[in-house]
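Input: a single structure, listed below in structure tokens.
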Amino acid sequence: MQQNAVTLVARILLSILFIVAGYGKLTAFSGTAGYFGSMGLPLPMVTAALVTAVELLGGLAVLLGLFTRPAAYILAVFCIATAFIGHGDFSVAGNSINFMKNFGLAGGFLLLATLGAGAFSVDAKRA
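Rendered as structure tokens:
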């Protein structure tokens, strides 16, 4: 029981950042695409759509415990990629801590992918 409750809290805490960030990108989509374009990312509109979907849908999946393992693997890879793409320039203030934060989040997602969503999840109800 305690492990399931802690897993639920972990899912909530891991998902909040991604749901909020994804919703923010969705509601300011052209600005997000413009920012990605200014970073030199390819196809900024497509990139913005993919990033928005990964953050928002992945965050919701983790929160609900729905397709948790694949969502957690995707978010772990996303966090590592984001660390290098968005925070790899350590001459920019705050990037080194954000780089490490993304690696920490990836670690949390890898644990979630390995251990599963727990009993308080849609996945458990579907099994």
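Just so you know, the sequence shown maps onto residues 3 to 129 in my numbering.
Cβ atoms here follow ideal geometry from the backbone N, Cα and C, with glycine treated the same way.
Whole-angstrom distance between A30 and A83, CA atom to CA atom: Position 81 of the sequence shown, counting from 1, holds the residue named residue 83. Position 28 of the sequence shown, counting from 1, holds the residue named residue 30. The straight-line gap from Cα to Cα measures roughly 22 angstroms.
Cβ contact (3+ pairs, closer than 8 angstroms) linking the stretch 86-101 and the stretch 44-64: no
Beta-carbon separation (whole angstroms), I76 vs V48, contact threshold 8 angstroms: Counted from its first residue, the sequence shown places residue 76 at position 74. Counted from its first residue, the sequence shown places residue 48 at position 46. Their Cβ separation, rounded to whole angstroms, is 17 angstroms, which puts I76 and V48 out of contact at 8 angstroms.
I18 versus S40 - alpha carbon distance: If you number the sequence shown from 1, residue 18 lands on position 16. If you number the sequence shown from 1, residue 40 lands on position 38. Each residue's Cα considered, the two are about 27 angstroms apart.
Spatially closest choice to K27 from A50, A7, T9, V124, by CA coordinates: Position 25 of the sequence shown, counted from the start, is the residue given in the question as residue 27. Out of A50, A7, T9, V124, A50 has the C-alpha closest to the C-alpha of K27.
F80 burial status per 10 Å Cβ neighbour count (16 or more: buried): The count along the sequence shown starts at 1 and reaches residue 80 at position 78. So F80 counts as buried.
Heavy atom of the ligand COA within 7 angstroms of A126 beta-carbon: The ligand content of the structure shown is nil, which means the ligand COA is not present either.
Member of N100, A129, F86, T70 whose CA lies at the smallest distance from the CA of F111: To locate residue 111, count along the sequence shown from 1; it is residue 109. Checked all of N100, A129, F86, T70; the closest Cα to F111 is T70.
Residue nearest to F86 in terms of C-alpha spacing, selected from A78, F101, P72, A73: By one-based count along the sequence shown, residue 86 stands at place 84. It is F101.
Cut-off 8 angstroms between Cβ atoms - residues of its own chain near F105, not counting five sequence neighbours on either side: Position 103 of the sequence shown holds residue 105. So the list reads C81, I82, A85, once near-sequence residues are dropped.
Integer-rounded CB distance, given that L65 should sit under 8 angstroms from I21: Working through the sequence shown from its first residue, we reach residue 21 at position 19. Working through the sequence shown from its first residue, we reach residue 65 at position 63. Indeed, because the Cβ distance is near 7 angstroms, the residues count as touching under 8 angstroms.
Where S93 falls: helix, strand or coil (DSSP): Taking the first residue of the sequence shown as 1, we reach residue 93 at position 91. Residue state, collapsed to three classes: coil.
Endpoints, alpha helix (DSSP H) assigned at P46: Taking the first residue of the sequence shown as position 1, residue 46 is located at position 44. Where P46 is concerned, the enclosing alpha helix (DSSP H) stretches over 46-66.
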